[in-house]
Amino acid sequence: EKLTSYYHFDAAALLIIGNRIAKALADLLPPAPPSQSPVPSSQSSSKPSLRPSSSSIPSHVQTEVPVCEKPEYVFFYRMKKNGKPKRQKCDWLAKKSKSKRKKLCQRNVDYFEAKGVIVGPAQTVCKDSCKSCKPCYENDKSKYVFYKKGQVIQKTCKIVSGLSPTAREQVCAQEHFNSAKNVCPVSCEVNFPMCLSTSWKRVRHVPPGNSWHPAIDQLVGDEVYGNSLENGIAWSKDFESEVPGYNEFLFATGDKVKWLVAPKSSVLGFYWNSDRTITRSSINPKEHSAKWFRREGSIEDPWISLTDHLSAIGEG
């Protein structure tokens with residue numbers, strides 16, 4: 581039951597809840613310390629703001645859309661009554677109505693092998709038509725293969741998301757052509773946190789710019805404002821209402837290059853330059869700690885960072 585938040589100077593910031601919970605990385609906060617002195621005071625200082633990136637948002641962007649399929653690409657459609665495979669080309673699929681394409685792409689997930697050649701389903705071949713071009717694309721009906729004690733086990737991605745953390749880790753650890761890691765990148769949270777499980781929910785967001793979140797709840801998550809359908813404005817949902825009983829935070833930049841996961845107990849409570857547990861992060865996959873601040877009455881807190889706050893704030 582997670583909660584996650586993404587912040588980046590030229591990328592929209594989000595806050596997401598799921599099996600874990602999170603807010604922004606404090607090392608991306610403005611370089612000014614929380615008080616006038618090197619060590620934060622017990623009283624609240626000015627409301628923090630997000631430092632603008634050194635480069636402005638580009639005035640133009642690439643307009644050409646990458647092509648993930650070619651008209652002549654062939655996919656496995658279905659088996660004929662005589663037991664022979666029926667293949668189709670992507671241009672055939674592209675001419676179908678939107679509803680028919682969607683239905684075919686979601687339901688036809690089987691591969692076919694003939695004379696050592698494997699022909700994949702539409703979603704793996706005609707990725708533009710099936711809207712499956714993104715690296716984190718996942719179909720609940722897609723089937724992965726898991727090898728266990730000489731047995732070949734085939735299950736759907738929907739099963740992976742329902743496994744216990746330990747079982748999911750074992751299933752997603754295997755690497756081969758049709759492993760869960762390749763077929764179910766979201767359920768396996770491949771390249772965490774690039775492909776996040778669908779159990780994560782966005783609960784707080786701030787758009788690019790030099791303004792920080794208007795929330796002053798010290799990450800309790802009880803402030804509600806804005807429209808969550810609009811990414812051009814800041815908005816927030818009630819954390820507990822979105823994911824009752826959440827127990828972890830995930831902090832990440834908008835591009836998800838810098839991130840950390842921490843227990844709810846490490847983030848909340850009051851502390852002053854204290855070591856707080858980090859479950860894992862972009863700089864260390866194992867449990868470690870960093871010194872943070874969350875002072876009573878200091879509405880700009882908590883100050884959360886990948887490394888100790890005082891050194892992180894000096895590094896910008």
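When you read off a place in the sequence shown, starting at 1, and then add 580, the result is the number in the working numbering.
Think of the CB as a built atom: it goes at the ideal place given N, C-alpha and C, for glycine as much as any other residue.
* Only counting runs of 4 or more residues, tell me where the alpha helix (DSSP H) segments fall wholly within the stretch 754 to 816, in order along the chain. => Listed in chain order, the complete alpha helix (DSSP H) runs (minimum 4 residues) inside the stretch 754 to 816 are 760 to 763.
* Provide the residue span of the alpha helix (DSSP H) that contains I893, from first to last. => Per DSSP, I893 belongs to the alpha helix (DSSP H) from 889 to 894.
* Could you check where the beta strand (DSSP E) with I739 kicks off and where it finishes? -> DSSP places I739 in no beta strand (DSSP E) but in the uninterrupted alpha helix (DSSP H) bounded by 737 to 741.
* C-alpha distance - V901 paired with F726, whole-angstrom precision -> Lying before the first or after the last residue shown, residue 901 is absent from the chain, which here runs from 581 to 896.
* Could you pull the start and end residues of the beta strand (DSSP E) that F726 belongs to? => Following the DSSP letters along the chain, one finds F726 inside the beta strand (DSSP E) bounded by residues 723 to 728.
* If we call anything under 8 Å between Cβ atoms a contact, is P773 one with A832? -> Cβ distance < 8 Å, so P773 and A832 count as in contact.
* Asked: Distance, Cα to Cα, W792 vs V786?
  -> W792 and V786 have their alpha carbons spaced roughly 7 Å apart.
* To do: Buried or exposed for E919, please, with buried defined as at least 16 other CB atoms from any protein chain shown within 10 angstroms of its CB.
  => Limits of the chain in this structure are 581 at one end and 896 at the other, which puts residue 919 out of reach.
* Nearest CA to the CA of R667: which residue from A795, G700, D818, K675? -> Out of A795, G700, D818, K675, G700 has the C-alpha closest to the C-alpha of R667.
* Could you tell me the boundaries of the alpha helix (DSSP H) in which E822 lies? => First-last of the alpha helix (DSSP H) with E822: 819 to 822.
* Measure the C-alpha to C-alpha separation of A814 and P665 and round it to an integer number of angstroms. => Approximately 52 Å between the Cα atoms of the pair.
* **A674, buried or exposed, once every other Cβ within 10 Å from all chains shown has been counted against 16** => Classified as exposed, A674 has fewer than 16 neighbouring CB atoms from the shown chains inside 10 Å of its CB.
* Asked: Where does the unbroken alpha helix (DSSP H) through V841 begin, and where does it stop?
  -> Here V841 belongs to no alpha helix (DSSP H); instead the beta strand (DSSP E) covers 839 to 843.
* For D855, name the three-state secondary structure that DSSP assigns. => Of the three classes helix, strand and coil, the one that applies to D855 here is strand, per DSSP.
* Distance, N790 Cα to E880 Cα -> Rounded to whole angstroms, E880 to N790 spans 15 Å at the Cα level.
* Burial state of A870, where buried means 16 or more other Cβ atoms lie within 10 Å -> Buried, by the Cβ-count rule.
* What number of angstroms, rounded off, separates the C-alpha of T887 from the C-alpha of C775? -> Going by the C-alpha atoms only, they are around 24 Å apart.
* Asked: Of the choices G849, W852, W839, whose alpha-carbon is the least far from that of S861?
  -> Looking at the Cα atoms, W839 is the closest of the given residues.
* To do: Would you grab the beta carbon distance between V740 and S767 for me? Rounded to a whole angstrom, and I think it's under 8 Å.
  => So it is a contact: roughly 4 Å between Cβ atoms.
* Between the stretch 816 to 833 and the stretch 793 to 804, do at least 3 Cβ pairs fall closer than 8 Å? -> Touching, per the Cβ criterion.
* To do: Name, in chain order, the residues that DSSP records as bridge partners for Q731.
  => BP columns for Q731 point to K728.
* Member of A702, K781, I698 whose CA lies at the smallest distance from the CA of K682 -> Residue nearest to K682 within the set A702, K781, I698 is A702 (criterion: CA-CA distance).
* Whose C-beta lies closer than 6 Å to the C-beta of V763 among residues of the same chain, with five residues either side of it excluded? -> Only S722, Y724 meet the Cβ criterion.
* 7 Å CB neighbourhood of S845 in its chain, flanking five on each side removed -> Correct list: empty, nothing qualifies.
* To do: Would you give the residue range spanned by the beta strand (DSSP E) that K669 belongs to?
  => 665 to 669 is the span of the beta strand (DSSP E), which, as asked, contains K669.
* Asked: Looking at the structure shown, is S878 part of a helix, part of a strand, or coil, going by DSSP?
  -> In the structure shown, S878 sits in coil (DSSP, three-state: anything other than H, G, I, E or B).
* To do: Report yes if the CB atom of S709 is closer than 8 Å to the CB atom of E649, and no otherwise.
  => Going by beta carbons, S709 and E649 fall inside the 8 Å limit.
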